[in-house]
Amino acid sequence: MTRHFLHVIRGLATATLLSVALVATAQADKVTVNLGYAASETSPYAILAGKFEELVEQYTDGSVDVKVRCCAQLVTEDEAFKAMQLGTVDMFIITANNISPHFPLTDAFVLPYIFQSKDHAYAVLNGDIGASFSQKLLEDTGVHLLAYGFVGDRDFYNTVRKVETPADMEGLKIRVPKNEVMIDTFEEFGASPIPLAWAETPPALQTGAIDGADNGTAFIKSQKFYEIAKHLTILEHFNYFSPLLASDRIMNKLDDAQREAVMRAAKEAGAYHRKTMSEQIADVRRFLGEEGGMTVTYPDKTPFIAAAARVQDKYAKERGAEFTAFVEAVRNAAN
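Each residue of the sequence shown is one higher than the one before, starting from 163 at the first, in my numbering.
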C-alpha cells in the first residue's frame, strides 16, 4: 500500500514537473511583434496591418502577438528601414520609394509609368520578378519583404490651379519624397520639386511653402488634404505599393511553425489589402470631387508618358547592367 502510494506520488510529481516544463517552454516561445507604420489609423496601411495582426494570431494560436503601432509611434517612415536593419524595429509598412535610398534597385518600381496596367503590376510583384527582388533585398540589406500588398496610383493635387498639361506644372513648387527618380520626373513634367520628409508635408502645404504634392488617392482623403488643396489631377504617373517588411532579428526569434504561419498570414493579408483597396478607390475619388470639394481633372496622359519615358531611359542607362536588366524584365512582363 505504502509502495503504491509512493509510486503514485512520484508519478504525479513527474507529471507536474513535465507540465510546468511544457508551460515554461510555451511561455518562452511566445513572441511579441511590434508592427509600425507612419500614417494615420484611417490610412490604407491600417487595412494591411490589421488583417496581418488578425491572421498571425489566428494561425499561431496566439503564440505570436502582433502589436500594431500607427502614426510613427515607433519611428518615422524615413527612419524605419535602417531601424529594421539594426533590429531596433520589428516590422514596418513602408511606401516603396522610401526603400530606394537603402536598396537602389527599388527605383525600378518607382519609375514613372513603369507598369502599363494593374495586371502587369501584379504579374511582376507576385511572380518570379517579385520573388527575386525580395530575395536580393534580404541578401543585400538583411530585411525581409513579407508582402507587397495593394498597388495603387499616386494622384497629383495642388492649391494653385487645374493641371491638364505639363505646361500647367510650370512654376509649381511640388513636394516629393527624397527620391531621385521622383525628383527627376517632376522636373521633366516642368514643376519645381522640393524634397521633403512625409511628416513635413502637411504643414508645408498649409503655410504655402509648397503648392502641391502627390499621394495615393486614399491618402489624400485620409490625411484630409482636400481641405487645403482644391485641385486634383488623376495623373497616375507613379504606381506605389507599401510592402510589409520585417527585421532579420524578429524573424530569427520565430520557430519554423511560427515563421511559416507569419509568411502565410502576410501573403493572405496582402491579397486582402489588394482586394479591399481596389474596391475603395472609385469611391474615394468620388468623395474628393463631391464632399471634398476638389476640382477633379482627367488629363490626356500622352505628354506626361513621353516625359516619363525619358526618365526611364535615363535611369536604365545610368544605373548599370543589373538595373537595366531588371527594368527590361519588368517591361517585358507586360507582353
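We treat Cβ as the ideally placed atom computed from N, Cα and C, and that holds for glycine.
Just checking, does the region 451–468 make contact with the region 233–251 on the three C-beta pairs under 8 Å criterion? Put simply, the region 451–468 does not touch the region 233–251. Fewer than three CB pairs are less than 8 Å apart.
Taking 7 Å as the threshold (C-beta atoms), are A431 and L210 in contact? Working through the sequence shown from its first residue, we reach residue 210 at position 48. Working through the sequence shown from its first residue, we reach residue 431 at position 269. In terms of Cβ geometry, L210 and A431 form a close pair [threshold 7 Å].
Can you tell me which residues form a DSSP beta bridge with N414? The residue you call residue 414 lines up with position 252 of the sequence shown. Beta-bridge partners assigned by DSSP to N414: none are found.
T457 - DSSP class collapsed to helix/strand/coil: Here residue 457 corresponds to residue number 295 of the sequence shown, with the count starting at 1. Residue state for T457 is assigned as strand, using DSSP reduced to three classes.
From this set, A361, D373, M331, T327, which residue's C-alpha is nearest N320's C-alpha? Position 158 of the sequence shown, counted from the first residue, corresponds to residue 320. Closest option to N320, Cα to Cα, is D373.
Could you have a look at Y310 and say whether DSSP puts it in helix, strand or coil? Within the sequence shown, residue 310 is the residue found at index 148, counting from 1. In this structure, Y310 counts as coil in the three-state DSSP scheme.
Note down, in chain order, each residue of its chain lying with its Cβ closer than 6 Å to the Cβ of K213, except the 5 sequence neighbours on either side. As a working mapping, residue 213 is identified with position 51 in the sequence shown. Take K213, set aside five residues on each side of it, and the residues of its chain with a beta-carbon closer than 6 Å to its own are A431, Y434, in chain order.
Which stretch, first to last residue, makes up the beta strand (DSSP E) that contains R337? Counted from its first residue, the sequence shown places residue 337 at position 175. Where R337 is concerned, the enclosing beta strand (DSSP E) stretches over 335–338.
Reduced DSSP secondary structure (H/G/I, E/B, other) of R481: Residue mapping note: residue 481 aligns to position 319 of the sequence shown, counting from 1. Residue state, collapsed to three classes: coil.
List the endpoints of the continuous alpha helix (DSSP H) containing V237. As a first step, residue 237 is located in the sequence shown; it is residue number 75 there, counting from the start. Note, V237: premise wrong, no alpha helix (DSSP H); not H, not E.
Give the secondary structure of Y319 by DSSP, where H, G and I count as helix, E and B as strand, and everything else as coil. In the sequence shown, the residue the question calls residue 319 occupies position 157. Three-state result, Y319: strand.
In this structure, does DSSP put L400 in helix, strand or coil? Here residue 400 refers to the residue found at position 238 of the sequence shown. The residue asked about is misnamed: residue 400 is Phe in this sequence, not Leu. The answer is strand: DSSP assigns F400 an E or B state.
Mind reading off the beta-carbon distance from S225 to V251? Whole number of angstroms is fine, and I expect it under 8 Å. For the purposes of this step, residue 225 is taken as residue 63 along the sequence shown, with counting starting at 1. For the purposes of this step, residue 251 is taken as residue 89 along the sequence shown, with counting starting at 1. By a beta-carbon distance limit of 8 Å, S225 does not contact V251. Their separation comes to about 21 Å.
Apply the 10 Å Cβ neighbour rule to Y310 and answer buried if 16 or more other Cβ atoms are within range, or exposed otherwise. As a working note, residue 310 is residue 148 in the sequence shown. Label assigned to Y310: buried.
Would you be able to state if there are at least three C-beta pairs under 8 Å between the region 384–404 and the region 316–331? Under the three-pair Cβ rule at 8 Å, the region 316–331 counts as touching the region 384–404.
Nearest neighbour of F254, chosen from T363, P263, P266, E239 [CA to CA]: Indexing the sequence shown from 1 puts residue 254 at position 92. For F254, the closest alpha carbon among the candidates T363, P263, P266, E239 is that of E239.
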